[in-house]
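Asker: Protein sequence lines, in the order shown, are assigned to chains E and V.
So the first sequence is numbered by our numbering: it starts at 29 and just counts up by one.
So the second sequence is numbered by our numbering: it starts at 29 and just counts up by one.
Structure in structure tokens, see below.
Protein chains: 2
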Amino acid sequence: MDTTPDLLTLRIVRTISEHGTISEAARILGYSQPALSQHLTRAQTRLGLALVVRAGRGVRLTEAGRSLASHAVTVLNAVDAASAELAELAGLSSGTVRIAAFPTASSTLVPRLIRQLRQQHPNLTVNYVEAEPPQALQLLRDGAADVAITFSYPEDRADPHLSRDGGHTTVPLFTEPVVLVLPDSHALATADDVGLADLANDAWIAGCTLCRGHLLALCNLEGFAPEIGLETDNALAVLNFVSRGLGVALLPQLALSSLTLPEGVSIHSPQPSSERTIQYVIQPGATRIPSVAATIAMLTALDGASWGLRDYPESERTAR
Amino acid sequence: MDTTPDLLTLRIVRTISEHGTISEAARILGYSQPALSQHLTRAQTRLGLALVVRAGRGVRLTEAGRSLASHAVTVLNAVDAASAELAELAGLSSGTVRIAAFPTASSTLVPRLIRQLRQQHPNLTVNYVEAEPPQALQLLRDGAADVAITFSYPEDRADPHLSRDGGHTTVPLFTEPVVLVLPDSHALATADDVGLADLANDAWIAGCTLCRGHLLALCNLEGFAPEIGLETDNALAVLNFVSRGLGVALLPQLALSSLTLPEGVSIHSPQPSSERTIQYVIQPGATRIPSVAATIAMLTALDGASWGLRDYPESERTAR
DNA sequence: ATGAACTATCACGTCTAGTTATGCTTGTGT
DNA sequence: ACACAAGCATAACTAGACGTGATAGTTCAT
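Right, here's the structure in full:
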């Protein structure tokens, strides 16, 4: 004999106590009259006591029925509050999305993304953290971020996106050319395409850890180990170093598009050409979280061309 | 997209938020793990948003999930309170029963009934109202009483118990002889059985309205109309009037059994013999109200013989 | 690499919860 | 007194919810 009432029973009893008849309650609650009549008899057998008794043409609540009706107000108010909050979350009248992205994105993709998110969903709270891809993925795994915007170098065998652990879903957005930056003083400064092998003896300026790894891998394929004279995470610094003739560098296109090129440098397509992928990563199944869904909808709608990015080929859009 | 959560979802989400995994929640709630897993996916499609996301080996609540979990506490507390109150009512640790009975029962059946009820169910509140059968039935119809203890004279064609309206269930308990009271001075005072027709010229003392009606009907059958000199609802007064030789009277057995007979009267079986029925009346279906069920259980267990009553014949115990 | 812990999915049976149609009871108005 | 309207109960039926055990896939730890 389970004396726990269910929500419908509470609703029915409350409505009956307010309107006096089962039929009227059925009309109000949007059921047929037999539905409520049957539900009540089932509820009464389950509860082991009567909630209503017939009284003339209608019914009257018993003591137990009146008791339930009074509790029903409390319960249903609380449920309605929960429901309303869910509706807000679903409709993005509230909610939070926590975004992590790599530094270069902070001054390019992310501002536009956040502006458009705020515009379309004024009541959505957006948190942003700058983090290199491995850290961004860690934030995602820890539940400290909802959407990570990262990049991958296709040759990177240690790419954390490929790891089988820490379940996440990676969706590519754009491909981003990696360009070669030469000082005007360089012998090849006037060539359009420059073979990397021709720069085997140049001094190199390396960017962030991942970019440095990519540089090494690329040069390795071409059969030489670059001599890295300077290292900095700062793309503007890289450009200035190059302009002073301190070396040559590979830079992702996105790093350039937020900067004005200093005097004395030129941009080239390296041979072999190389590109990295810009992608977002979410927890598996997180597309069903409205704030996340809204964010990735915005992301995929971003126009990459304005930063010199190419949309990722339509074929294959979802990796693990 | 209905954002109203059901109780099980609330329970599940709350338990997950407290114990971290679906499996543990299933163990605690007494379900199999797939049951909860599936219920969650159903709930999430119904609600249109995710409540949990996989996180490594377990799951993590989403923002919506955490929201639900916090509301769940309120809701489930309120439901538990309702449930506890129902359990009290069902177990008669609380509750009320309102009894109405005819005056003669007030000093015979009812005190014993109430004493035994209180003894067996100390937490049950018992209300008692004295009312003649028609009024008692009216109280029942109005919902102002839960159990009416009444009597019927079988010959009474206006017996409200027979009316098709005002739905109620009548269950006979006892049959009660109606006895003839004669003064010692009466010519027939030494006879055992006395024919009513032999009293056609006596002065009659009538009791309550219904008893008076019964007297008239009975005499009518015997072919005379009694001369009614005195009327009173008070059985003791009737006896005293008889003892003073002011007339003869018919009295129900129960009225006698609570009184000590005054000097100068004798009790006889009238011919034709006559009896009335003592019964209880409840609202249809009210047997499922625990307090009512307890009351009628007590009632049927009463030993009528101690008041000179006979159990109603086993055959046919439930009338309309 | 192996095993333990956890979740998801499948196939299946049962019961719940709704529907319409219909009949019975009760109150009301003529 | 009678017919009608309002209300509740019941029947027969269907769809879906809700359990179960079996099983497979992930993830973490040793």
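Using N, Cα and C, we set each Cβ at its ideal position, and we do this for glycine too.
Please read these numbers as outputs of a predicted model, since none were measured by experiment.
Is I44 of chain V buried or exposed, if buried means 16 or more other CB atoms sit within 10 Å of its CB?
Answerer: With 16 or more Cβ atoms within 10 Å of its Cβ, I44 of chain V is classed as buried.
Asker: Give me the Cα-Cα distance between R85 of chain E and A110 of chain V, rounded to the nearest whole angstrom.
Answerer: Looking at the two C-alpha atoms, the distance is approximately 28 Å.
Asker: So with CB distances below 7 Å, who are the chain E contacts of A390 of chain V?
Answerer: The first residue shown for chain V is 29 and the last is 348, placing residue 390 of chain V beyond what the model contains.
Asker: CA-CA distance, G171 of chain V and E303 of chain V?
Answerer: Looking at the two C-alpha atoms, the distance is approximately 30 Å.
Asker: List, in chain order, every chain E residue whose beta-carbon is nearer than 7 Å to that of T90 of chain V.
Answerer: Within 7 Å Cβ-Cβ: I317.
Asker: Below 8 Å on the Cβ atoms is my contact criterion, and I expect A78 of chain E with A92 of chain E to pass it. Report the Cβ-Cβ distance as a whole number of Å.
Answerer: Contact flag correct, Cβ pair sits at about 7 Å.
Asker: The alpha helix (DSSP H) that contains L264 of chain V, what's its start and end?
Answerer: Unbroken alpha helix (DSSP H) run through L264 of chain V: A263 to S271.
Asker: Is it true that the CB of S135 of chain E sits closer than 7 Å to the CB of S286 of chain E?
Answerer: Taking 7 Å as the Cβ cut-off, S286 of chain E and S135 of chain E qualify as a contacting pair.
Asker: Do S319 of chain E and G123 of chain E have their CB atoms nearer than 7 Å?
Answerer: In this structure, G123 of chain E lies closer than 7 Å to S319 of chain E by Cβ.
Asker: Just to make sure I have the definition right: I need the residues of chain E whose C-beta is within less than 7 Å of the C-beta of L337 of chain V. Which are they?
Answerer: The contacting residues do not exist; L337 of chain V stays about 29 Å from chain E at best.
Asker: Kindly indicate which three-state DSSP category I177 of chain V falls into: helix, strand or coil?
Answerer: Here I177 of chain V sits in strand by DSSP.
Asker: Could you check what DSSP says for S297 of chain E in three-state terms: helix, strand or coil?
Answerer: S297 of chain E: strand per DSSP, three-state reduction.
Asker: To the nearest angstrom, how far is the alpha carbon of P200 of chain V from that of P161 of chain V?
Answerer: One C-alpha to the other measures close to 14 Å.
Asker: Quick check on I306 of chain V: buried or exposed, where buried means 16 or more other Cβ atoms within 10 Å of its Cβ?
Answerer: Classification of I306 of chain V: buried, given that the 10 Å Cβ count is 16 or more.
Asker: Starting from N155 of chain V, follow its DSSP beta bridges and name the residues at the other end.
Answerer: BP columns for N155 of chain V point to V:R126.
Asker: Work out the CA separation of I177 of chain V and R272 of chain V for me, nearest whole Å.
Answerer: Spanning the two alpha carbons is a distance of roughly 33 Å.
Asker: What's the gap between the Cα of H99 of chain V and the Cα of A106 of chain E?
Answerer: Each residue's alpha carbon lies about 7 Å from the other.
Asker: Determine the chain V residues that contact D34 of chain E at a beta-carbon separation under 7 Å, and present them in chain order.
Answerer: Going along chain V in sequence order, the residues near D34 of chain E (Cβ under 7 Å) are L35.
Asker: Residues of chain E with CB closer than 7 Å to the CB of P162 of chain V, please, in chain order.
Answerer: Residues of chain E passing the Cβ test: none, with the nearest at roughly 17 Å.
Asker: Can you tell me whether Q307 of chain V is helix, strand or coil according to DSSP?
Answerer: Here Q307 of chain V sits in strand by DSSP.
Asker: Any beta-carbon of chain V closer than 7 Å to the one on G76 of chain E?
Answerer: For G76 of chain E, the answer is yes, since a Cβ of chain V falls inside 7 Å of its Cβ.
Asker: I want to verify the contact list: residues of chain V whose CB lies under 9 Å from the CB of A322 of chain E, in sequence order.
Answerer: Result: empty, since nearest Cβ-Cβ is about 12 Å, beyond 9 Å.
Asker: Rounded to a whole number of angstroms, what is the C-alpha to C-alpha distance between L35 of chain E and L104 of chain E?
Answerer: When rounded, the distance between both Cα atoms is 8 Å.
Asker: Below 8 Å CB to CB, which residues in the same chain sit around D220 of chain V once its five sequence neighbours on both sides are set aside?
Answerer: So the qualifying residues of the chain are H296 and S297.
Asker: Which whole runs of the alpha helix (DSSP H) in the stretch 198-229 of chain E are 4 residues long or more, in chain order?
Answerer: With a minimum length of 4 residues, no continuous alpha helix (DSSP H) run stays inside the stretch 198-229 of chain E.
Asker: Taking only the alpha-carbon atoms, compute the straight-line gap between E46 of chain E and D108 of chain E and give it to the nearest angstrom.
Answerer: Taking the straight line joining both Cα atoms gives about 18 Å.
Asker: Please name the residue, chosen from V:G76, V:A53 and V:G292, that lies closest to D212 of chain V on a Cα-to-Cα basis.
Answerer: The candidate whose alpha carbon is nearest that of D212 of chain V is V:G292.
Asker: Return the CA-CA distance between G235 of chain V and V207 of chain V, expressed in angstroms with no decimal places.
Answerer: Spanning the two alpha carbons is a distance of roughly 13 Å.
Asker: In the DSSP output, what is W232 of chain E paired with across the bridge?
Answerer: Per DSSP, E:I256 and E:V276.
Asker: Distance cutoff 7 Å, beta carbons only. Does H242 of chain E sit that close to anything in chain V?
Answerer: So, not an interface residue.
Asker: Within the same chain, show all residues whose beta-carbon is closer than 7 Å to that of L227 of chain V, passing over the 5 residues directly before and after it, in chain order.
Answerer: Closer than 7 Å at Cβ, skipping near neighbours: V276.
Asker: Give me the chain V residues within the contact set of A118 of chain E, using Cβ-Cβ distance strictly less than 9 Å, ordered along the chain.
Answerer: Chain V residues near A118 of chain E: M29, T31, L75, G76, L77 and A92.
Asker: What does the alpha-carbon distance come out to for the pair L117 of chain V and R316 of chain V?
Answerer: Approximately 11 Å between the Cα atoms of the pair.
Asker: What's the call for P19 of chain V, buried or exposed, on a 16-neighbour Cβ count within 10 Å?
Answerer: The shown model of chain V, from 29 to 348, leaves out residue 19 of chain V, and the question about it has no answer.
Asker: Kindly indicate the opening and closing residues of the beta strand (DSSP E) around R82 of chain E.
Answerer: Start and end: V80 to A83.
Asker: Can a CB atom of chain E be found closer than 7 Å to the CB of A176 of chain V?
Answerer: For A176 of chain V, the answer is no, since every Cβ of chain E falls outside 7 Å of its Cβ.
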